[in-house]
Amino acid sequence: MSWGTMGPMSADLPISEGHVSFRGHRTWHRGAGHDARPVFGGATSYPKIELHVHLEATVHPERLLEIARRNDVRPPARTVRGLRRFCAFRGFDEFIRVWIKTTGVLRHGRDFHEIVVDYAADLAAQGCVYAEALFSPSEPVGRGVTWQEVFEGYCDGADEARERLGVDLRFTPDITRDFPVEIGEQLVGWALRYRDRGIVGISLGGSESRFPPELFEHPFAIAREGGLKAAPHAGETAGPESVRGALDVLHAARLRHGVRAVEDPGLLAEIAARGVVCDVTPVSNLRTGVVRSLAEHPLPEMLAGGVRCSVGSDDPVLMDTSLTRDCDVAVGLGHTPRGMYEHALSGVFCDAVTRERLRAAGEAFDWTVAHGSPAPGGER
Ligand SMILES: [Zn+2]
């Protein structure tokens, strides 16, 4: 999800993940620190690929406070505890408030750089070897931050993450539907300039119901001509018509969510036949009210219909989840660790050499020891 798409919030999600408790309060953890490289071992640690995560929603409160101090910006709260309370939002309007106040602290290339490296450390601690992350530059640019500062910061951060943490990052910047189409066209122009720095595709986020994909045909056409692939949000808060538009007009190679395609069996079959990968995020879908419970999540139906589904965390810190947690939930819904890896791999936008390296890493791993740990009964 991205800001603008939030439906009514579910009540506290009583789930737990190893050492991190999610029951009734919000927990922020720093992963294994900056020297970690992707680690495997134990029941839930197996190689992972994350294709649906918004970098602005990965910032831990400690880092947010530090950046706010440095930039002389008033943070939404002055302490880590206060920030946790502030971020324990309920409902769409509160999420918007949290999102804007949080991203409003990010002003300089160094800020964007740091949040990428922080997040890469979180990924390494979860055994994630590759990620295609989203970021939404329209909002900071609207506040006076330059496009260059945003793109340069994120791309520099990815370079450091690759070298120091062994996590390969690529980006699919998000056109925010709620901004004028011209802003989306500018975004694509900058994305094309940074193609050789790791920009591999374009996403579309924001208020899905109010701004259908058809409005953004032109920026996506420019992106396609320039060699960038399309991975828009569709079929999250809007129904099959949104997915149809994303496929036919935006030429989506992947769909962020796509879960509501199950409402149209013909469309679901077409997604399967075309080999379009859906980047599914179960916990986020529960939080935003797209599904009433995890037990009702359409992932099993999608898999049974032959749709390839990657699993991602969407907004891990803001939604109190993690890639590991979402993968655990997906395993509980019938996906497998190896299936998640292979489905994601069939949808990645990176160069052939990187894809081959990821394929070889998957082949080399002993998947018989990876079985995930689905949430205990009653929690779905
Ligand atoms: Zn999203």
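Those letters in the sequence shown? Residues 550 to 929, per the numbering used here, in order. Quick reminder that beta carbons are idealized off the backbone N, C-alpha and C, glycines included.
Euclidean distance between Cα positions of residue i and residue j
i, j, result
"V866", "F760", "27 Å"
"G631", "G883", "38 Å"
"C876", "D828", "12 Å"
"E757", "M851", "21 Å"
"D900", "R692", "34 Å"
"C636", "L843", "22 Å"
"D705", "G815", "43 Å"
"A770", "L799", "7 Å"
"D915", "R656", "44 Å"
"D813", "E763", "19 Å"
"R773", "T607", "28 Å"
"V897", "V602", "14 Å"
"F661", "V694", "11 Å"
"L796", "T628", "45 Å"
Strand pairing of residue i, partner residues [DSSP]
i, result
"Y679", "I598, D717"
"K778", "G750"
"S859", "D828"
"L804", "C827"
"H603", "L683"
Residue from the options with nearest C-alpha to residue i
i, options, result
"I616", "K650, H601, V654, W648", "V654"
"V730", "A707, F765, L718, G702", "F765"
"V808", "R904, I820, H800", "I820"
"L753", "R746, G715, V792, E774", "V792"
"H806", "G693, S833, L816", "S833"
"P886", "S871, A901, S859", "S859"
"E599", "L718, P610, G854", "L718"
"W648", "A673, H609, G747, A669", "H609"
"E681", "D863, R618, V737, Q735", "D863"
"E891", "V839, V826, G838, L843", "V826"
"V878", "E663, T721, G855, P847", "P847"
"D727", "A673, A919, P686, G676", "P686"
"F720", "L714, W739, E734, K597", "W739"
"V749", "Q735, D723, H767", "D723"
"E605", "G881, L817, R841, V666", "V666"
"A853", "V902, A669, G888, H782", "G888"
Coarse secondary structure for residue i, derived from DSSP in three states
i, result
"T725", "strand"
"W577", "Unreliable positioning characterises W577 in this predicted model, as indicated by a pLDDT of 28, which lies under 50. The coordinate reading is nonetheless provided below. It is coil, neither helix nor strand."
"R619", "helix"
"R627", "coil"
"H609", "coil"
"A893", "helix"
"A919", "coil"
"A787", "coil"
"C955", "Residue 955 lies beyond the range of the chain shown here (550 to 929); nothing can be said about it."
"G755", "coil"
"M868", "coil"
Environment of residue i [buried if 16+ CB atoms lie within 10 Å]
i, result
"E905", "exposed"
"E688", "buried"
"A810", "buried"
"G824", "exposed"
"Q697", "exposed"
"D621", "exposed"
Check: residue i C-beta below 7 Å from any heavy atom of ligand 2
i, result
"D877", "Only ligand 1 can be found as ligands here, which leaves ligand 2 out of the picture."
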